[in-house]
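Numbering (full-length UniProt numbering), first residue to last: 1 to 110. Ideal Cβ positions, reconstructed from N, Cα and C, are used throughout, including at glycine. Nothing here was measured: the structure is a model prediction, and the numbers come from that model.
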Amino acid sequence: MGLGWWFAALLAAITIIGIPYAIAAFRIGSFSFWPFGRAIVDRPGSELGRGIGLIGNVIWAIFLGWWLALGHLVSALLCAITVIGLPFAWQHLRLAALSLAPYSKQIVTT
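Take a look at the structure:
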């Protein structure tokens, strides 16, 4: 799924308007490769969840986010088949939620 995020970042970077989307997608793609030891949190004091950030989240969800969310949901179902895959399934569910609205969230080291 990390490659999917990086591919979405490359698609977003084609235009100047998509460069902020590309930066966020590259960051989330690296998180997708190794999510353990890091957490997804709300950005403190950020206005990105409202106003222009809301518009950015909606544009992202329409064009790229729902594909990534669907991929993470399928990956979560496949990982949940075995007991060993359950932690990965939980991370895929978190990433599915993140893929719909990435601009009001931040990835931090725990």
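Checklist entry - Do you know how far the Cα of Ile16 is from the Cα of Leu95? => result Counting from one through the sequence shown, the residue named residue 95 turns up at place 95. Counting from one through the sequence shown, the residue named residue 16 turns up at place 16. Between Leu95 and Ile16, the C-alpha separation is close to 26 Å.
Checklist entry - Between which two residues does the alpha helix (DSSP H) containing Ile19 stretch? => result The sequence position of residue 19 within the sequence shown is 19, counting from 1. Run containing Ile19: Ile19 to Phe33, per the alpha helix (DSSP H) assignment.
Item to check | Whole-angstrom distance between Ala89 and Ile19, CA atom to CA atom | outcome: Translated into the one-based positions of the sequence shown, residue 19 becomes position 19. Translated into the one-based positions of the sequence shown, residue 89 becomes position 89. Taking the straight line joining both Cα atoms gives about 30 Å.
Checklist entry - Below 8 Å, can you find three or more Cβ-Cβ pairs linking the region 71 to 86 to the region 101 to 108? => result no
Checklist entry - When DSSP labels each residue in this structure, what does Leu43 get in the three-state scheme? => result In the sequence shown, residue 43 corresponds to position 43, counting from 1. Here the sequence assigns Arg to residue 43, which means Leu is not the residue at that position. Looking at Arg43 - three-state DSSP - the assignment turns out to be coil, as it is neither helix nor strand.
Item to check | Cβ-based neighbour list, Ala25, same chain, cut-off 8 Å, excluding 5 preceding and 5 following | outcome: Position 25 of the sequence shown, counted from the first residue, corresponds to residue 25. Residues of the same chain with a CB within less than 8 Å of the CB of Ala25, apart from the 5 flanking positions on each side, are Trp5, Trp6, Ala8, Ala9, Ala12, Leu64 and Pro102 in chain order.
Checklist entry - Among Ile23, Ile62 and Cys79, which one has its Cα closest to the Cα of Leu93? => result Counted from its first residue, the sequence shown places residue 93 at position 93. When only C-alpha atoms are compared, the closest one is Cys79.
Next on the checklist: Using a 10 Å radius around the Cβ and a threshold of 16 neighbouring Cβ atoms, would you call Ala69 buried or exposed?
Outcome noted: Here residue 69 refers to the residue found at position 69 when the sequence shown is read from its first residue. By the 10 Å Cβ count, Ala69 comes out buried.
Checklist entry - Mapping DSSP to helix, strand and coil, what is Ile107? => result As a working note, residue 107 is residue 107 in the sequence shown. Collapsing the DSSP output to three states places Ile107 in a strand.
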